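Novice:
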Amino acid sequence: MSHDNISDDKLPEAHDASEGHGHLAVADDPFADPGLPAHEPRRTDIDERAAKRAERQVSGMFILSMLATVGFIASYASINPDKLVYIFPLGHVSALNFALGMTLAVALFCIGAGAVHWARTLMSDVEMPAERHPIEADDEVRADVIQQFKTGAAESGFGRRKMIRNTLIGSMAMVPLSGVVLLRDLGPLPEKKLDSTDWSEATPSAPIRLVNMNTDEPMKAEDIVVGSLTFAKPGPSALRPNGLQDSDEDFQEAIAKDALMLIRIQPEDLKDEKSAALGFEGVLCYSKICTHVGCPISLYEQQTHHALCPCHQSTFDLSDGARVIFGPAGHPLPQLKISTDSDGYLVATQDFTVPVGPSFWERSA
Amino acid sequence: MSSSTSTKQTAPASTRAKPANKGEAAADWVDGRLGIYSLAKANLRKIFPDHWSFMLGEICLYTFVIIILTGVYLTLFFKPSMGEVVYNGSYAPLNGIRMSEAYESTLNISFEVRGGLLIRQIHHWAAIVFVAAMFVHMMRVFFTGAFRKPREINWVFGFLLLCLGFFDGFMGYSLPDDLLSGTGIRFMEGAVLAVPLVGTYIQMFLFGGPFPGTDVIPRFFTIHVLLIPGIMLGLLVAHLILVFYHKHTQWAGPGKTEQNVVGMPLMPVYMAKAGGFFFLVFGIIAAMSAIASVNPVWAYGPYRPDQVSTDAQPDWYMGFAEGLIRVMPGWEIRAWGHTLNLGVFIPLMLFPLVLALIALYPFIEGWITGDKREHHILDRPRNAPVRTGLGAAWIALYLVLLLGGGNDLVATHFHLSLNDITYFVRAGSFVIPIIVFYVTKRWCLGLQRRDRDKVLHGRETGVIKRLPHGEFIEIHAQLPQGRLHTLTSHEQPEPLELPAEVDENGVARKVGLLTKTRAKLSAGYFGEGGQIPKPTVEEHQEITSGHGHH
Chain C
13 MSHDNISDDK
23 LPEAHDASEG
33 HGHLAVADDP
43 FADPGLPAHE
53 PRRTDIDERA
63 AKRAERQVSG
73 MFILSMLATV
83 GFIASYASIN
93 PDKLVYIFPL
103 GHVSALNFAL
113 GMTLAVALFC
123 IGAGAVHWAR
133 TLMSDVEMPA
143 ERHPIEADDE
153 VRADVIQQFK
163 TGAAESGFGR
173 RKMIRNTLIG
183 SMAMVPLSGV
193 VLLRDLGPLP
203 EKKLDSTDWS
213 EATPSAPIRL
223 VNMNTDEPMK
233 AEDIVVGSLT
243 FAKPGPSALR
253 PNGLQDSDED
263 FQEAIAKDAL
273 MLIRIQPEDL
283 KDEKSAALGF
293 EGVLCYSKIC
303 THVGCPISLY
313 EQQTHHALCP
323 CHQSTFDLSD
333 GARVIFGPAG
343 HPLPQLKIST
353 DSDGYLVATQ
363 DFTVPVGPSF
373 WERSA
Chain S
2 MSSSTSTKQT
12 APASTRAKPA
22 NKGEAAADWV
32 DGRLGIYSLA
42 KANLRKIFPD
52 HWSFMLGEIC
62 LYTFVIIILT
72 GVYLTLFFKP
82 SMGEVVYNGS
92 YAPLNGIRMS
102 EAYESTLNIS
112 FEVRGGLLIR
122 QIHHWAAIVF
132 VAAMFVHMMR
142 VFFTGAFRKP
152 REINWVFGFL
162 LLCLGFFDGF
172 MGYSLPDDLL
182 SGTGIRFMEG
192 AVLAVPLVGT
202 YIQMFLFGGP
212 FPGTDVIPRF
222 FTIHVLLIPG
232 IMLGLLVAHL
242 ILVFYHKHTQ
252 WAGPGKTEQN
262 VVGMPLMPVY
272 MAKAGGFFFL
282 VFGIIAAMSA
292 IASVNPVWAY
302 GPYRPDQVST
312 DAQPDWYMGF
322 AEGLIRVMPG
332 WEIRAWGHTL
342 NLGVFIPLML
352 FPLVLALIAL
362 YPFIEGWITG
372 DKREHHILDR
382 PRNAPVRTGL
392 GAAWIALYLV
402 LLLGGGNDLV
412 ATHFHLSLND
422 ITYFVRAGSF
432 VIPIIVFYVT
442 KRWCLGLQRR
452 DRDKVLHGRE
462 TGVIKRLPHG
472 EFIEIHAQLP
482 QGRLHTLTSH
492 EQPEPLELPA
502 EVDENGVARK
512 VGLLTKTRAK
522 LSAGYFGEGG
532 QIPKPTVEEH
542 QEITSGHGHH
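Going down the list, the protein sequences come from chains C and S. Counting in this note's numbering, the first sequence runs from 13 upward without gaps. Counting in this note's numbering, the second sequence runs from 2 upward without gaps.
1) Tell me which residues share the same chain as S/V328 and place their Cβ nearer than 8 Å to its Cβ, disregarding the 5 neighbours each side in the sequence.
2) What residue does the alpha helix (DSSP H) around S/A393 start on, and which one ends it?
3) What are the start and end residues of the alpha helix (DSSP H) that includes C/S376?
4) Terminal residues of the continuous alpha helix (DSSP H) containing S/Y174?
5) What's the C-alpha gap between S/G231 and S/V73?
6) With a CB to CB cut of under 6 Å and the five nearest residues on each side skipped, what residues in its chain are close to S/V1?
7) Please go through the same chain and pick out, in chain order, the residues whose beta-carbon is closer than 7 Å to the beta-carbon of S/F222, but skip the five residues on each side of it.
8) Where S/C445 and S/D380 are concerned, what is the direct C-alpha to C-alpha distance, given to the nearest angstrom?
9) Using the beta-carbon count (16 or more within 10 Å), is S/Y318 buried or exposed?
10) Would you tell me roughly how many angstroms separate the C-alpha atoms of S/S310 and S/I433, rounded to the nearest one?
11) Whose C-alpha, out of S/L165, S/G183, S/I396, S/D178, is nearest the C-alpha of S/T561?
12) Tell me whether the beta-carbon of S/T370 lies closer than 7 Å to the beta-carbon of S/P494.
13) In chain C, what lies closer than 9 Å to S/S290 by C-beta?
14) Name the residue from S/L181, S/L485, S/V503 whose alpha carbon lies nearest to the alpha carbon of S/Q314.
15) Rounded to the nearest angstrom, how far is the Cβ of S/L207 from that of S/V193, given a contact under 8 Å?
16) Nearest by alpha-carbon distance to C/I91: which of C/V82, C/A107, C/L102 is it?
17) With 16 other CB atoms within 10 Å as the buried threshold, where does C/K162 fall?
18) Considering only the alpha carbon of each residue, which of S/A134, S/E540, S/V87, S/Q308 lies closest to S/G183?
19) What residues from chain S crowd round C/L76, counting only those whose CB sits closer than 7 Å?
20) Can you list the residues of chain S that C/V359 reaches, using a CB-CB cut of under 9 Å?
21) If you draw a straight line from the alpha carbon of S/L163 to that of S/A128, how long is it in whole angstroms?
22) Can we say the stretch 197-212 of chain C touches the stretch 261-275 of chain C, given the rule of at least three CB pairs closer than 8 Å?
23) Beta-carbon within less than 8 Å of S/G90's beta-carbon, same chain only, minus the 5 sequence neighbours each way: which residues are those?
24) What does DSSP give as the partner residues of C/C297 in its beta bridges?
25) Contact defined as beta carbons within less than 8 Å: I believe S/T489 pairs with S/H477. What is the distance between those atoms, to the nearest angstrom?
26) Would you identify the three-state DSSP class for C/Y98, choosing helix, strand or coil?
27) Which one of C/L256, C/R196, C/E234 has the shortest CA to CA distance from C/V295?
28) Which residue comes first and which comes last in the alpha helix (DSSP H) that contains S/S546?
29) At which residues does the beta strand (DSSP E) containing S/G264 begin and terminate?
30) Quick check: the Cα distance between S/M56 and C/N226, rounded to an integer number of angstroms?
31) Looking at the structure shown, is S/R99 part of a helix, part of a strand, or coil, going by DSSP?
32) Going by C-alpha to C-alpha distance, which of C/H129, C/I85, C/Y98 sits closest to C/T115?
33) Do you know offhand how far S/Q204's Cα is from S/I533's?
34) Look at the alpha carbon of C/L195 and the alpha carbon of S/Y202, and state the distance between them as a whole number of angstroms.
35) Below 8 Å, can you find three or more Cβ-Cβ pairs linking the stretch 131-142 of chain C to the stretch 249-268 of chain S?
36) Do we get a CB-CB distance below 7 Å when we pair S/V238 with the residues of chain C?
Right under this line is the structure:
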């Protein structure tokens, strides 16, 4: 801040040179360190009226904070949590959330702004140097400590009694194993749990119907129109007499593997004979679970028969055995062989031939 | 017989007169128990240098405090349970829907608990700002060389805090058990399964059975509120103790040396500024939470493994992991009855590798320079072009991967082909950091040249003078000595030189590969292309001493 227009007698005493301020330049080396620059007084250091004004500003902010806290409590007590208000440009927002948030923000911010303004205008802004000391100990201390350590080590006999030392290291290395073993009951062993789904209950003599995910009704081939994507789940079986229901205790685990998607493709568009043979009259049934990391596939492009996983964009060509044509998935979507029962409903008579979902080390197909 | 032992103890002779007031008396009492005077002697007027960039670390500290405060509040209402309930609450669109108690209690916090939504929003916003502030704070420390001796260990502490911040953020994001967070957990499960040999075992133990089971939310809850914050608190305290112990770094300038620290005392200026800044940060985050909605879980619905919404995104700081997993080609090796899922496993390994290189950087640079001295004066980024280039390249890699992690959003917002963006990111992950490195390095060298010109020829005044013979020149003004000192005080290390191939006896000297690598790297850092020689006193005097001066 400039103080050209202030007479010398109004300026505070220059600071002591011992503080390191205002050293003169070293004449023969233009790059030498001239020392700390002299302290420049601020307006509030010189002008008592400015200082008073700053004091009022600081107190004003603290008072504003108090008022905002009162506002916070009043909002909490008076505003209905369900009330919505229109606030430009936010749109319709919860009145309570907005009022509480803004009053809290003002209450907190004003304390901070007041404190910082106080520090900047009224507290001393004289910069002071402080000495640093090297982190490292000097040679004498170092030698002394090393000697003490050697004495201690010699007294322990750690280096001399090698049998004790080695068995100690061994036991210390072994003892954490107990902690690892204790974690064993966190979960079951994998065994074959990832290999099969609820569809493994289906046999040619006891087929399981495919049930529409939205309507909970069994489906016929003619219900599936070309260009549509239909999601399905297992119908009644010996294990689940009512089919897979939301209320089943293990619904989440089951649907994570059982979910199906059904599409219908014109016979001339089918590129893979093996895949076509697993379908029924052009209706193909694939696992809905992406083979990348297991997100459900939900985007289908009817013109190209491409299905896309919205999480990581793996793209599968459903007309070509769900081959991966783009993205990070490593293998095709598993296909479920379907046929019809005596009433004409779509059924499965066997499980997927390969495990559903993301791949894992023990996966063989 | 020694019966003369007196039970009456006399107080040790104190030369101090009676305390002047009650405050001093209270301080005396505490000092007798805790020894506060000796503690305060060193710290009450401890000097802190002032620069705006030093507040970045403060933002980290304060947001961490805010996260803990609001987190405690949330645990009073949140039920970390996957037990299923049918929702019947004040958010009508979800009435009659089955959901976990975790999701239901999150809805209750948002709609029924007065102020609950605000605290949830503050918690999430503070977490986002916390990680962002750690990133920027880390960049500040990196680009200014503040990580050099004696602060390498504190760099590692900070790095660990950043990594733990990532994971705790991910877990916190998962707890509400909404459709988006469940998708994130599914991604993690797929990644765990890709680990060879033990992946399926880790998966079963983590989830307590096949995905998703009923254990993962309560387990994440314990890790999120207890384990990781506990470790972070310990690391944070250690981090701050070291900052106190080392004293703060400072920029070069008149009066500032490696042996001192120049600034204002802790009491009162720094106390008021830093203490006040906590309230500023808290106030701003409260305002953000009142204005901008983050993670509206009610809009997503409860998690079901067969459902998903489009533009499924993690919080931004996990974006580079998401990018890695999205742009990696789907490589899978099937042999001997096993599957090695490289398409997921390689990104899973690159994630910590990209981070570990940052953690090790102070040691790598220390090895290349062979510099064993303490450094307290900061480097201007331009004066360390290779380091600055490496930092910029790392940020470029991060941003490219973030672009890959949001490829669906980029595709829909900018009407681009999703596939093209992915191909671009695949190539860009390799090419762009290299380009950025060279551009940044040259940019730094250009700025060094400008500094050199300024020192030797002075600053431009904007005053045009016409000489008697008609020529127009601009008058340059000499810089004051303080500026000259600031611009020339940085060091310019010499590159390491290999010892002569033969020693003084003519015997071939063996130079190891490691030494050769080190010399090459050192030449890259400090050789001809690595820095512009700074002006010398002689050059300055030559130009300023009369002829040629303009």
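Virtual Cβ for every residue (Gly too), placed ideally from N, Cα, C. Because the structure is a prediction, the values reported are computed rather than measured.
Specialist: Let's see:
1) For the purposes of this step, residue 328 of chain S is identified with residue 327 of the second sequence, where counting begins at 1. Closer than 8 Å at Cβ, skipping near neighbours: L402, G405, N408, T423, V426, R427, S430.
2) Taking the second sequence and counting its residues from 1, the one referred to as residue 393 of chain S is at position 392. 386-406 is the span of the alpha helix (DSSP H), which, as asked, contains S/A393.
3) Translated into positions along the first sequence, residue 376 of chain C becomes position 364. Neither: C/S376 is in no alpha helix (DSSP H) and is coded neither H nor E.
4) One-based indexing of the second sequence puts residue 174 of chain S at position 173. Per DSSP, S/Y174 belongs to the alpha helix (DSSP H) from 153-175.
5) Counting from 1 along the second sequence, the entry for residue 231 of chain S is found at position 230. Counting from 1 along the second sequence, the entry for residue 73 of chain S is found at position 72. Distance between the alpha carbons of S/G231 and S/V73: 13 Å.
6) Any question about residue 1 of chain S goes unanswered here, given that chain S covers just 2 to 551.
7) By one-based count along the second sequence, residue 222 of chain S stands at place 221. Excluding positions up to five away in sequence, the list reads P81, L176.
8) Start at 1 with the first residue of the second sequence, and residue 445 of chain S comes out as number 444. Start at 1 with the first residue of the second sequence, and residue 380 of chain S comes out as number 379. Rounded to whole angstroms, the separation of the alpha carbons of S/D380 and S/C445 is 12 Å.
9) Residue mapping note: residue 318 of chain S aligns to position 317 of the second sequence, counting from 1. Result: buried.
10) The residue labelled residue 310 of chain S in the question sits at position 309 within the second sequence. The residue labelled residue 433 of chain S in the question sits at position 432 within the second sequence. For S/S310 and S/I433, the distance between alpha carbons rounds to 32 Å.
11) Because chain S spans 2 through 551 in this model, residue 561 of chain S falls outside it and cannot be assessed.
12) Looking up residue 370 of chain S in the second sequence gives position 369. Looking up residue 494 of chain S in the second sequence gives position 493. Yes. Within cutoff.
13) Translated into the one-based positions of the second sequence, residue 290 of chain S becomes position 289. Per Cβ cutoff of 9 Å: N109, G113, L116, A117.
14) Position 313 of the second sequence, counted from the first residue, corresponds to residue 314 of chain S. For the residues S/L181, S/L485, S/V503, the minimum Cα distance to S/Q314 belongs to S/L181.
15) By one-based count along the second sequence, residue 207 of chain S stands at place 206. By one-based count along the second sequence, residue 193 of chain S stands at place 192. Rounded, the Cβ-Cβ distance is 7 Å, consistent with contact.
16) Taking the first sequence and counting its residues from 1, the one referred to as residue 91 of chain C is at position 79. Comparing Cα-Cα distances from C/I91 to each of C/V82, C/A107, C/L102, the minimum goes to C/A107.
17) Taking the first sequence and counting its residues from 1, one reaches residue 162 of chain C at position 150. When all chains shown are included, C/K162 counts as exposed.
18) In the second sequence, residue 183 of chain S corresponds to position 182, counting from 1. The residue with the shortest Cα to Cα distance from S/G183 is S/Q308.
19) What you label residue 76 of chain C is simply residue 64 of the first sequence in a count that begins at 1. Simply none; closest approach about 11 Å.
20) Your numbering for residue 359 of chain C matches position 347 in the first sequence. Under the 9 Å cutoff, chain S gives no residues; its nearest Cβ is about 20 Å from C/V359.
21) Taking the first residue of the second sequence as 1, we reach residue 163 of chain S at position 162. Taking the first residue of the second sequence as 1, we reach residue 128 of chain S at position 127. Between S/L163 and S/A128, the C-alpha separation is close to 12 Å.
22) yes
23) Mapped onto the second sequence, residue 90 of chain S falls at position 89. Excluding positions up to five away in sequence, the list reads N96, E105, L108, N109, F112, E113.
24) Here residue 297 of chain C refers to the residue found at position 285 of the first sequence. C/C297 pairs with C/L274.
25) As a first step, residue 489 of chain S is located in the second sequence; it is residue number 488 there, counting from the start. As a first step, residue 477 of chain S is located in the second sequence; it is residue number 476 there, counting from the start. Between S/T489 and S/H477, the beta carbon gap of about 17 Å keeps them out of contact (Cβ cut-off 8 Å).
26) Numbered from 1 along the first sequence, position 86 holds the residue referred to as residue 98 of chain C. When DSSP states are grouped into helix, strand and coil, C/Y98 belongs to the strand group.
27) Numbered from its first residue, the first sequence carries residue 295 of chain C at position 283. Nearest of C/L256, C/R196, C/E234 to C/V295, Cα basis: C/E234.
28) Counted from its first residue, the second sequence places residue 546 of chain S at position 545. No alpha helix (DSSP H) holds S/S546; DSSP gives it neither H nor E.
29) Along the second sequence, one-based indexing puts residue 264 of chain S at 263. Unbroken beta strand (DSSP E) run through S/G264: 261-266.
30) In the second sequence, residue 56 of chain S corresponds to position 55, counting from 1. In the first sequence, residue 226 of chain C corresponds to position 214, counting from 1. If I take the Cα positions, the gap works out to 55 Å.
31) What you label residue 99 of chain S is simply residue 98 of the second sequence in a count that begins at 1. Three-state DSSP puts S/R99 in a strand.
32) Position 103 of the first sequence, counting from 1, holds the residue named residue 115 of chain C. Nearest option by C-alpha distance: C/I85.
33) Residue mapping note: residue 204 of chain S aligns to position 203 of the second sequence, counting from 1. Residue mapping note: residue 533 of chain S aligns to position 532 of the second sequence, counting from 1. Using only the alpha carbons, I get a separation of about 55 Å.
34) Along the first sequence, read from residue 1 onward, the residue named residue 195 of chain C stands at position 183. Along the second sequence, read from residue 1 onward, the residue named residue 202 of chain S stands at position 201. If you take the alpha carbons of C/L195 and S/Y202, they lie about 12 Å apart.
35) yes
36) If you number the second sequence from 1, residue 238 of chain S lands on position 237. For S/V238, the answer is no, since every Cβ of chain C falls outside 7 Å of its Cβ.
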